[in-house]
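The structure appears right after this line, and notes come after that.
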Ligand code: FPP
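Residue numbers (our numbering): 254 to 491.
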């Protein structure tokens, strides 16, 4: 791993534009998702090369169930294939596979493959690839509130003990640091219910490049843009 000269420890990406990538080539949307899935490990390798430990990818949102059943089924199949086919690469790269979201609602085939790959890679230390699956930022906050309420009801914590640090312990993965940088591909200027809590002070980088075309060079451009930012976290310039 190289020196992290960009100062990014956690990069999160909204992988948008698979459909447009396919359309531009006269292909079915499913071909775009396939190309998008093939890009994941390539970007993981580049991320590691740039000294970034955590990569979080928005792979399926709580709203994505609204897509045609065939497309949803295709995405779930891709997830299953990804966790199976890319497992040797994740082991070779010493990357731990992780997931956030309402995983219980994923179809069995996809969920079991995911859990198996997470278990198989759990001791890997060089990187953490987190897939946001059946993930919604609002759902995560609601789920955290429910877990906290259950703790209160059980008498294990006082309601007024809650502060921001404690609240974070109820998120899907309390170990996941906030992303310094969030990239969105394919030009849309919104955050689409991604990492609402964790993104409070993240820098945003939006590129018109479609996800299957987002490569090492485009990643470097995003990181260079980040390096030039003045992060104040609500304070004043030092
Ligand atoms: C947005 O493209 C992308 C998604 C809804 C899902 C992202 C999924 C992948 C990259 C493939 C599966 C990933 C893994 C890890 C197996 P879009 O369909 O909204 O594109 P469009 O806006 O151009 O229509």
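Just so it is clear, CB atoms sit at the ideal spot from N, CA and C, and this is done for glycine as well.
Heavy atom of ligand 1 within 7 Å of residue i beta-carbon
{"i": "residue 439", "result": "yes"}
{"i": "residue 352", "result": "no"}
{"i": "residue 313", "result": "yes"}
{"i": "residue 409", "result": "no"}
{"i": "residue 436", "result": "no"}
{"i": "residue 293", "result": "yes"}
{"i": "residue 269", "result": "yes"}
{"i": "residue 338", "result": "no"}
{"i": "residue 328", "result": "yes"}
{"i": "residue 380", "result": "no"}
{"i": "residue 464", "result": "yes"}
{"i": "residue 308", "result": "no"}
{"i": "residue 335", "result": "yes"}
{"i": "residue 373", "result": "no"}
{"i": "residue 470", "result": "no"}
{"i": "residue 278", "result": "no"}
{"i": "residue 317", "result": "yes"}
{"i": "residue 443", "result": "no"}
{"i": "residue 363", "result": "no"}
{"i": "residue 273", "result": "yes"}
{"i": "residue 290", "result": "yes"}
{"i": "residue 286", "result": "yes"}
{"i": "residue 349", "result": "no"}
{"i": "residue 359", "result": "no"}
{"i": "residue 513", "result": "Residue coverage of the chain in this structure runs from 254 to 491, which leaves residue 513 outside it and unanswerable."}
{"i": "residue 298", "result": "no"}
{"i": "residue 331", "result": "yes"}
Beta-ladder partner(s) of residue i, from DSSP
{"i": "residue 381", "result": "307, 349"}
{"i": "residue 456", "result": "434"}
{"i": "residue 386", "result": "313"}
Where residue i sits in the DSSP three-state scheme
{"i": "residue 313", "result": "strand"}
{"i": "residue 266", "result": "strand"}
{"i": "residue 254", "result": "With a pLDDT of 44 at residue 254, under the threshold of 50, the modelled position of that residue is not reliable, and the figure given next carries that caveat. The answer is coil: DSSP assigns residue 254 none of H, G, I, E or B."}
{"i": "residue 450", "result": "coil"}
{"i": "residue 249", "result": "In the structure displayed, the chain extends from 254 to 491; residue 249 sits before or after that span and is not available."}
{"i": "residue 357", "result": "helix"}
{"i": "residue 483", "result": "coil"}
{"i": "residue 427", "result": "coil"}
{"i": "residue 376", "result": "coil"}
{"i": "residue 368", "result": "helix"}
{"i": "residue 407", "result": "coil"}
{"i": "residue 261", "result": "coil"}
{"i": "residue 394", "result": "helix"}
{"i": "residue 490", "result": "coil"}
{"i": "residue 466", "result": "helix"}
{"i": "residue 421", "result": "helix"}
{"i": "residue 342", "result": "helix"}
Residue range of the alpha helix (DSSP H) that includes residue i
{"i": "residue 330", "result": "322-338"}
{"i": "residue 296", "result": "282-302"}
{"i": "residue 475", "result": "469-480"}
{"i": "residue 275", "result": "271-277"}
Any non-hydrogen atom of ligand 3 closer than 7 Å to residue i Cβ
{"i": "residue 356", "result": "With respect to ligand 3, the structure offers nothing, as its ligand set consists of ligand 1."}
CB contact below 8 Å: residue i versus chain C
{"i": "residue 458", "result": "Of the chains in the structure shown, none is chain C; there is only one protein chain."}
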